[in-house]
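S.K.:
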Amino acid sequence: MADGSSETKSSNQMWGGRFASGPDAIMEEINASIGFDKKLYAQDIRGSIAHATMLAHQGIISAEDKDKIVHGLDTILTEIDSGAFEFSRRLEDIHMNIEARLAALIGPAAGRLHTARSRNDQVALDFRLWVKEELQKTEKALTGLIAAFLDRAEEHAETVMPGFTHLQTAQPVTFGHHCMAYVEMFGRDRARVRHAIEHMDESPIGAAALAGTGFPIDRHMTAKALGFREPTRNSIDTVSDRDFALEFLSIAAIAATHLSRLAEEIVIWSTPQFGFIRLSDAFSTGSSIMPQKKNPDAAELVRAKTGRVNGSLVALLTVMKGLPLAYSKDMQEDKEQVFDAAESLELAIAAMTGMIRDVTIRADRMKAAAGSGYSTATDLADWLVREAGLPFRDAHHVTGRVVALAEQKGCDLADLPLAELQAINSAITDKVYGVLTVEASVASRTSFGGTAPSEVRKQIAWWRARN
Ligand code: ARG
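Numbering (the numbering used here), first residue to last: 259 to 725.
If you want it as structure tokens, here you go:
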């Protein structure tokens, strides 16, 4: 390609007017971003076509030059798509690689494309377009994950399992209800994604280097052509703002944190000790030495990817911290963090969606565990309040004594003889046995948002109407 590779030590053809020699090799290495920002080629070309079209419309360049530029850019798009394009590190970044190729293809008209524009607003545009598209993909992926959970929740609206606090058995819940907790979490992630798309829907192009331009450009026209709601309002802010990248990373970090909690539960639930679920062969691996093992590798890797995503957020916050307005080259370090986090998040959501759809729920094991650990003790206390008129604190105390007795006898609450219960509190009648089963316990929790199957079905219907 025509990047003048023969003139290795000569000055740069894009900005070399005042430079007598080219950069030192180390300078070139630290300065170049083409290794990663080539990912932005489609956005860069789209932005340049919109810009050139506007320049011609405003009479700033001729229609003939615009046609040559657009045709040349289309050719370059095809070359890059097909892998024929040769990227050059000497040309620093994607913007200059494309512009140099345009010059080789169409000659002097290429030099008119950069009128009323700077790489500062150009990179802000390209990156914003890329992040916006990534957010749209994330929104779809989250919708798929939510749909997988809704299906499992529906299937298991009645399946009882132990609910935990401190990872100690707390009260029986339904597996459907537990699934719906994740629907809420990923639903909030998706709402954040939608909000961020709204937030960043402003076009940077035309802010130029930082001060705007004296050419009679039409920023509303380019904004519209590129699918933005409107142009950004302050040219200084426009070239120094990376909030859209930080918002993407914050959203990604929170979503990845949610995914890691789910991953951790999958790891725990799939142990032989818990045995609540059986992972499909598709999402687990064996051990090379222990033939009995089935490892939840995909879940573990999702759990680990969260570290990368959270790290990317902290890295970019640290890059941006204390930067004076407007553009500084520090900001070139924004892209790799976002690209890496986006790839990790996409993969993690896809893996989780697959696992949730595939996993076998062992309802018998969940039910057995739900009944152990005196999980219906609160139901007994509530019964004493409701049926025997005890204040809750007294009922709690009586129930504590009942649990101690069951523990001492090594039996469940429902197996204690009535006479022994009455010896602890004479108000207890045989009606109490009706609330001591896990099914009765979950069925009774009909408060809004509670775990009763009837309530879980309402939650599912609410989400189905919104997914
Ligand atoms: N490669 C640069 C980046 O990613 C493009 C903007 C360069 N602007 C400049 N004034 N040197 O930030």
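All C-beta atoms in this analysis are idealised placements derived from N, C-alpha and C, irrespective of residue type, glycine included.
In this text the structure is predicted, and so the values were computed from the model without any measurement.
#1: Could you tell me the boundaries of the beta strand (DSSP E) in which Q550 lies?
#2: Check whether the Cβ of D727 sits closer than 6 Å to any heavy atom of the ligand ARG, and report yes or no.
#3: Would you mind working out which of A698, D351, F532, L335 sits nearest K593, comparing C-alpha positions?
#4: Please classify G692: is it buried, with 16 or more other beta-carbons within 10 angstroms of its beta-carbon, or exposed?
#5: Can you give me the C-alpha to C-alpha distance between A600 and G569, rounded to a whole angstrom?
#6: Would you list the one or two residues that DSSP bridges to F422?
#7: Mark F506 as exposed unless 16 or more other C-beta atoms lie within 10 angstroms of its C-beta, in which case mark it buried.
#8: Check whether the stretch 604-611 and the stretch 620-636 are in contact - that is, three or more C-beta pairs closer than 8 Å.
#9: So V451 and L517 are supposed to be a Cβ contact under 8 Å. How far apart are they, rounded?
#10: Among the residues of its own chain, which have a CB less than 6 Å from the CB of A467, if the five just before and after it don't count?
#11: Measure the alpha-carbon distance for F650 versus L642 and round it to whole angstroms.
#12: In three-state DSSP terms, what is E412?
#13: From the DSSP output, in three-state form, read off T543 for me.
#14: When you compare only the Cα positions, how much space is there between S546 and A382?
#15: By the DSSP assignment, the alpha helix (DSSP H) with G533 in it spans what residues?
#16: Could you say which of I318, I319, R348, L360 lies nearest to I338 if we only look at CA atoms?
#17: Is N492 a contact residue of the ligand ARG, with contact defined as CB to any heavy atom under 6 Å?
#18: Going straight from the alpha carbon of G485 to that of E460, what length do you get?
#19: Got a sec? Which residues, its chain only, sit under 8 Å from K482 by beta carbon, not counting five neighbours each side?
#20: On a Cα-Cα basis, can you pick out the residue from G293, L583, V696 that is closest to T496?
#21: Please determine if the stretch 318-337 and the stretch 272-290 are in contact, where contact requires at least 3 C-beta pairs separated by less than 8 Å.
#22: Give me, in chain order, the residues of the same chain whose beta-carbon lies closer than 6 Å to that of F473; leave out the 5 immediate sequence neighbours on both sides.
#23: Measure the C-alpha to C-alpha separation of D384 and R477 and round it to an integer number of angstroms.
#24: Return helix, strand or coil for S461, following the three-state DSSP convention.
#25: Please work out which residues of its chain come closer than 8 Å, Cβ to Cβ, to T704, disregarding the five sequence neighbours upstream and downstream, and give them in chain order.
#26: For the alpha helix (DSSP H) containing D332, list its first residue and its last residue.
#27: For Q590, is the beta carbon positioned less than 6 Å from some heavy atom of the ligand ARG?
#28: Closest to F534 by C-alpha separation, out of G544, E523, A540, W720, would be which residue?
#29: Helix, strand or coil: which one does DSSP assign to T618?
#30: Which runs of the alpha helix (DSSP H), 4 residues or longer, sit entirely within the stretch 627-679?
#31: For the alpha helix (DSSP H) containing Q590, name the first residue and the last one.
#32: Output the distance between the C-alpha atoms of N725 and G470, rounded to the nearest integer angstrom.
#33: Residues bridged to P489 by DSSP?
#34: I'd like to confirm the pairing. Which residues does DSSP put opposite T432 in its beta bridges?
#35: Quick check on this structure: which residue in N492, R500, D282, E413 has the alpha carbon closest to the alpha carbon of A454?
#36: On a Cα-Cα basis, can you pick out the residue from Q590, G544, V617 that is closest to A521?
M.R.: Quick answer:
#1: For Q550, there is no enclosing beta strand (DSSP E), as DSSP gives it neither H nor E.
#2: Residue 727 is absent from the structure shown; the chain starts at 259 and stops at 725.
#3: The shortest Cα separation from K593 among A698, D351, F532, L335 belongs to D351.
#4: So G692 ends up on the exposed side.
#5: Rounded to the nearest whole angstrom, the C-alpha separation of A600 and G569 is 13 Å.
#6: Checking the DSSP bridge columns, you'll see F422 partnered with T427.
#7: Around the beta carbon of F506, a 10 Å sphere encloses 16 or more other beta carbons of the protein chains shown; the residue is thus reported as buried.
#8: Contact fails: fewer than three Cβ-Cβ distances are below 8 Å.
#9: With a Cβ gap of about 14 Å, V451 and L517 do not count as contacting.
#10: Once the five neighbours on either side are set aside, the close Cβ partners of A467 are S376, N378.
#11: Approximately 8 Å between the Cα atoms of the pair.
#12: Taken through DSSP and simplified to helix, strand or coil, E412 comes out as helix.
#13: It is a strand residue.
#14: Rounded to whole angstroms, S546 to A382 spans 49 Å at the Cα level.
#15: Element bounds for G533: n/a, residue is neither H nor E.
#16: Cα-wise, what sits closest to I338 is L360.
#17: For the ligand ARG, not one heavy atom lies less than 6 Å from the Cβ of N492.
#18: So the two alpha carbons sit approximately 9 Å from each other.
#19: Within the same chain, no Cβ atom closer than 8 Å to the Cβ of K482 is found once the five residues on either side in sequence are excluded.
#20: Comparing alpha-carbon positions, the option among G293, L583, V696 lying closest to T496 turns out to be L583.
#21: Segments in contact, no.
#22: Hits under 6 Å: I318, A374.
#23: Spanning the two alpha carbons is a distance of roughly 15 Å.
#24: It is a strand residue.
#25: Hits under 8 Å: A710, S712, E713.
#26: In the DSSP annotation of this structure, the continuous segment of the alpha helix (DSSP H) that includes D332 starts and ends at 321-340.
#27: Remark: the C-beta of Q590 is in contact range of the ligand ARG, defined as less than 6 Å to any heavy atom.
#28: When each option's Cα is compared against that of F534, the closest is E523.
#29: Per DSSP, reduced to three states, the secondary structure at T618 is strand.
#30: Correct list: 635-646, 650-667.
#31: Counting along the chain, Q590 falls outside any alpha helix (DSSP H), and DSSP gives it neither H nor E.
#32: The C-alpha of N725 lies about 42 Å from the C-alpha of G470.
#33: Beta-bridge partners of P489 (DSSP): S461.
#34: The partner list for T432 (beta bridge, DSSP) reads V418.
#35: Selected option, being the one with the closest Cα: R500.
#36: The alpha carbon of A521 has as its nearest neighbour, out of Q590, G544, V617, the alpha carbon of V617.
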